[in-house]
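A short worksheet on the structure shown next.
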Amino acid sequence: MAAPTAKVSRGWSGLALGVRIAVLRLPGLTQVRWSRYGPEYQDPQIDKEYYRKPLAQLTEEETYERELRKTQVIKAAPATKTSSVFEDPVISKFTNMMMKGGNKILARSLMTQTLEAVKRKQFEKYHAASAEEQATVERNPYTIFHQALKNCEPVIGLVPILKGGHFYQVPVPLAERRRRFLAMKWMITECREKKPRRMLMPEKLSQELLEAFCNRGPVIKRKHDMHKMAEANRALAHYRWW
Amino acid sequence: MAAPSVSCGAAVPYRLFLAGRVSFAREQGLWKAAASGLQTGTRCQILRLKHSPAVTTTKNVAALRRESYTVDFIKKQIEEFNIGKRHLANMMGEDPETFTQEDVDASLSMGFSRQEYWNGLPCPPPGDLPDPRDRTQGSCIAGRFFTSGPAGEALTELIHVVFWRLLEKTAGPYVVHLRLGAVLPPGGEGHLETCRGDMCQEHRRAITYLFPSGLFEKRARPIMKHPEEIFPKQRAVQWGEDGRPFHFLFYTGKQSYYSLMHEAYGKVLHAEERQDQLRAKGLFSEKSKSKDLIGSRWLIKEELEEMLVEKLSDQDYAQFIRLLERLSALPCDAAEEEFVGRFRRTVTVQSKKHLIEPLQYDEQGMAFSTGQGKRKTANAEAVVYGHGSGKIEINGVDYLLYFPVTQDREQLMFPFHFLDRLGKHDVTCTVSGGGRSSQAGAIRLAMSRALCSFITEDEVEWMRQAGLLTTDPRVRERKKPGQEGARRKFTWKKR
Chain A
1 MAAPTAKVSR GWSGLALGVR IAVLRLPGLT QVRWSRYGPE YQDPQIDKEY
51 YRKPLAQLTE EETYERELRK TQVIKAAPAT KTSSVFEDPV ISKFTNMMMK
101 GGNKILARSL MTQTLEAVKR KQFEKYHAAS AEEQATVERN PYTIFHQALK
151 NCEPVIGLVP ILKGGHFYQV PVPLAERRRR FLAMKWMITE CREKKPRRML
201 MPEKLSQELL EAFCNRGPVI KRKHDMHKMA EANRALAHYR WW
Chain B
243 MAAPSVSCGA AVPYRLFLAG RVSFAREQGL WKAAASGLQT GTRCQILRLK
293 HSPAVTTTKN VAALRRESYT VDFIKKQIEE FNIGKRHLAN MMGEDPETFT
343 QEDVDASLSM GFSRQEYWNG LPCPPPGDLP DPRDRTQGSC IAGRFFTSGP
393 AGEALTELIH VVFWRLLEKT AGPYVVHLRL GAVLPPGGEG HLETCRGDMC
443 QEHRRAITYL FPSGLFEKRA RPIMKHPEEI FPKQRAVQWG EDGRPFHFLF
493 YTGKQSYYSL MHEAYGKVLH AEERQDQLRA KGLFSEKSKS KDLIGSRWLI
543 KEELEEMLVE KLSDQDYAQF IRLLERLSAL PCDAAEEEFV GRFRRTVTVQ
593 SKKHLIEPLQ YDEQGMAFST GQGKRKTANA EAVVYGHGSG KIEINGVDYL
643 LYFPVTQDRE QLMFPFHFLD RLGKHDVTCT VSGGGRSSQA GAIRLAMSRA
693 LCSFITEDEV EWMRQAGLLT TDPRVRERKK PGQEGARRKF TWKKR
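Now the structure itself:
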């Protein structure tokens with residue numbers, strides 16, 4: 001379910017402890033996003049190492065946080081998250097974005113096949129390369145995936161701003177999560193639309209990932225196009241007010 | 243022996259009143275004889291119905307207007323409550339001085355259902371009750387004289403019980419007349435016989451019988467609380483006979499709030515002055531946070547409103563809390579600490595709420611523990627054995643066959659992997675309902691709960707913070723009329 005709209009800031013030192021804070025209700029407006037959890041429920045901390053850390057090594061901030069969590073109610077861990085070492089939040093997010101109609105099984109199998117395809121291609125390249133080049137060939141599919149997506153992230157984006165009855169495309173710095181989202185979105189859209197008819201998704205996706213890893217390919221080009229447009233419209237930058 | 247004063251529902255004054263329609267002229271001998279003393283003096287006073295029906299079809303303007311109680315009325319209620327508490331304590335055989343509210347609540351709500359009660363009690367129908375004056379040997383009889391209407395109706399008849407008992411140890415039957423409120427006439431006490439001090443099973447059953455907690459409607463259940471908790475707090479008249487208000491801040495509209503703000507700000511100034519003096523002398527040192535910041539919280543707006551008996555806005559409340567935070571950041575002396583402490587409430591440590599079952603042992607001496615889990619509509623029960631090889635059996639089928647999807651198996655492994663006990667336990671579980679993901683989630687919760695018996699308290703707290711011990715409250719949202727689904731609206735058509 002969507003998270004509740006109100007978030008309590010860190011400024012209240014003791015206010016947020018175990019207290020259900022009512023969201024500010026304006027007259028004439030109803031809440032459209034709610035959660036089965038109350039606002040006092042905190043997200044679970046699944047990382048095993050966080051708990052195994054001995055108490056002596058904790059900083060003051062961390063001890064305070066530990067004590068604080070003892071008084072808080074915690075939400076249930078979602079079904080997609082485990083403490084497994086094989087789990088990667090970026091991969092999970094990408095899988096969810098690839099998913100269609102709630103078919104997580106298919107999306108996940110496509111993801112694993114993609115990573116396997118990436119690995120196979122890299123291994124072929126590795127075995128075909130000479131001894132000096134072998135050191136430079138990256139074989140871990142996870143690092144390739146992360147690096148490829150990082151290479152695809154745009155730095156600056158365009159936002160349509162209404163001024164004087166016209167919409168102008170104003171260059172705007174993007175937040176971290178927006179950048180990650182755009183990179184993943186472009187990758188998936190690219191693979192879905194520009195795919196040859198008989199080619200399967202894992203194959204195409206692995207191809208695109210490897211190209212993005214080397215800073216080539218259509219997704220990187222799209223990122224550069226975005227940057228060029230932002231550069232072209234830099235005269236409109238003062239339309240931004242935030 | 244006078245009876246305790248009991249109450250039904252929060253809105254109703256704690257004295258029980260008869261319905262107007264109930265006639266005292268019941269032809270049962272029991273009624274007449276036993277109630278004769280009560281009848282004469284109390285008839286006019288008792289016959290007043292006070293109950294709030296569950297459904298109001300017409301707007302009851304008189305009821306909606308907030309009822310105000312005079313100071314004398316409240317004082318009288320408090321006196322009667324105290325007297326009633328002492329009587330109950332005497333009946334229960336406890337010491338009246340140390341009879342606490344918990345004992346009152348315990349005596350009033352023993353907690354077993356009506357059905358069990360009715361089956362267990364050998365009570366004849368009311369018509370067969372013998373004459374109370376008859377001191378012959380009798381069985382344990384108690385007559386029920388209040389109508390149990392549909393849920394929502396308060397008790398509508400006078401509770402009047404004649405309770406006979408033949409004790410092995412002490413001879414003679416007892417007659418217990420319960421008085422309700424202060425309606426007993428002065429001369430009526432003569433014929434009442436006091437109950438003996440030793441409280442025993444039958445007495446408890448009598449009280450539970452009289453004040454049954456098996457009533458479904460919670461507002462109909464009798465409660466016996468201090469009038470302060472039942473009647474809403476009201477402000478006394480704020481001005482004198484000449485019309486001049488007592489408080490200098492009366493015309494602000496929120497006199498208690500502003501006077502509190504003045505007081506707090508005065509303390510802040512005082513503390514700052516002291517801090518400056520310390521700095522000037524060079525004795526100033528960084529204040530160590532000795533206050534228990536985590537174990538307590540600021541009181542919420544509703545609590546503050548209740549304390550001040552005044553309506554506050556969110557901004558007022560925020561301003562007040564900011565001022566208190568400022569005050570607590572300065573070096574305070576004992577008086578200021580106490581002042582701030584008045585506005586802090588303790589916060590419970592969550593892990594204490596979990597009850598960890600002790601380990602059980604089967605015939606072979608193997609330790610095992612059971613746990614139950616729910617997720618959406620799936621229900622699971624898991625039995626975790628102390629020693630094993632990591633085998634998980636679900637409904638008689640191996641987990642690899644039951645859950646072909648990796649994600650579900652990962653969920654099953656999650657609690658064990660989290661505790662580093664992957665190959666060390668065997669699990670047998672049964673699950674029904676739901677789909678594959680919710681069954682996996684239900685089994686995960688059941689296993690985590692069962693595992694709590696095998697691990698230390700710290701590890702239980704870690705599991706709780708990892709979200710393994712919380713039941714997921716998310717369920718399928720219903721479809722709404724006028725929409726295609728829970729959230730999806732119909733396609734918007736311009737015309």
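Chains A and B, in that order, are what the protein sequence lines are. Our numbering applies: residue 1 is where the first sequence begins, and numbers increase by one. Our numbering applies: residue 243 is where the second sequence begins, and numbers increase by one. Beta carbons: idealized from backbone N, C-alpha and C, even for Gly.
Classified as buried, A:Thr-82 has 16 or more neighbouring CB atoms from the shown chains inside 10 Å of its CB.
If you check each beta-carbon in the region 683–713 of chain B against every beta-carbon of chain A, the ones closer than 9 Å belong to Gly-683, Arg-686, Leu-687, Asp-700, Glu-701, Glu-703, Trp-704, Arg-706, Gln-707, Ala-708, Gly-709, Leu-710, Leu-711, Thr-712 and Thr-713. DSSP places B:Ile-472 within a helical segment (H, G or I) once states are collapsed to three. Annotated three-state conformation of B:Ser-674 is strand, per DSSP.
For B:Ala-624, DSSP records a beta bridge to B:Gly-613 and B:Cys-671. The residue from B:Val-717, B:Pro-715 and B:Trp-734 with its alpha-carbon nearest to that of B:Gly-724 is B:Trp-734.
Of A:Arg-52, A:Gly-165, A:Pro-173 and A:Phe-167, the smallest CA-CA separation from A:Ile-156 is found for A:Pro-173. Interface with chain A (8 Å Cβ-Cβ cutoff): B:Arg-716 is included.
In the three-state DSSP reduction, B:Leu-520 falls in the helix class (H, G or I). For A:Phe-167, the beta-bridge partners assigned by DSSP are A:Leu-162. Within the same chain, Leu-661 come within 7 Å of B:Ile-697 by CB-CB distance, once the 5 residues on both sides are set aside. In the assembly as shown, B:Gln-476 is an exposed residue. Its beta-carbon has fewer than 16 other beta-carbons within 10 Å. In the DSSP assignment, B:Ser-538 is bridged to B:Thr-588. The Cβ neighbour count for B:Trp-540, taken over all protein chains shown within 10 Å, is at least 16; the residue is labelled buried. Ranked by Cα distance from B:Ala-620, the first of B:Asp-314, B:Leu-572, B:Leu-601 and B:Ala-688 is B:Ala-688. For A:Glu-138, the CB contacts under 7 Å within the same chain, skipping 5 residues up- and downstream, are Gln-122 and Ile-144 in chain order. Residues Ile-598, Glu-599, Pro-600, Leu-601 and Ser-611 of the same chain have their beta carbon placed closer than 7 Å to that of B:Ser-695, with the five preceding and five following residues left out of the count. In terms of Cα proximity to B:Thr-590, the closest of A:Arg-66, A:Val-73 and A:Ala-148 is A:Val-73. Separation of B:Gln-480 and B:Lys-553 (C-alpha to C-alpha, rounded to the nearest whole angstrom) is 16 Å. Measuring C-alpha to C-alpha distances from B:Ala-624 to each of B:Lys-595, B:Arg-651, B:Val-669 and B:Val-639 identifies B:Val-669 as the nearest. Under the DSSP assignment, B:Glu-635 falls in the beta strand (DSSP E) whose first and last residues are 634–636. For B:Gly-615, the closest of B:Leu-565, B:Pro-573 and B:Pro-715 by C-alpha to C-alpha distance is B:Pro-715.
It is roughly 7 Å from the alpha-carbon of B:Leu-566 to the alpha-carbon of B:Ala-506. Between A:His-146 and A:Val-90, the C-beta gap is smaller than 8 Å, which places the two residues in contact. Residues of the region 33–44 of chain A that bring their beta carbon within less than 7 Å of a beta carbon in chain B comprise Arg-36, Tyr-37 and Pro-44, in sequence order. In this structure A:Met-97 is in contact with A:Met-184, their Cβ atoms being roughly 5 Å apart against a cut-off of 8 Å.
Residues are counted here when their Cβ sits less than 8 Å from a Cβ of chain B; for the region 48–72 of chain A these are Lys-48, Tyr-51, Tyr-64, Glu-67, Leu-68, Arg-69, Lys-70, Thr-71 and Gln-72, given in chain order. Annotated as distal: B:His-667 and B:Val-639, with beta-carbon spacing of 8 Å or more. When 7 Å is used as the limit between beta carbons, A:Lys-75 is near these residues of chain B: Gly-709 and Thr-712, in chain order.
Within the same chain, and ignoring the five residues on either side of B:Ala-513 in sequence, the residues whose Cβ sits closer than 7 Å to its Cβ are Leu-569, Leu-572, Pro-573, Cys-574 and Glu-578. A:Leu-236 is not a Cβ neighbour of A:Tyr-126, given a cutoff of 8 Å. Only buried fits B:Lys-509, as 16 or more other CB atoms lie within 10 angstroms of its CB.
Under the three-state reduction of DSSP output, B:Val-639 falls in the strand class.
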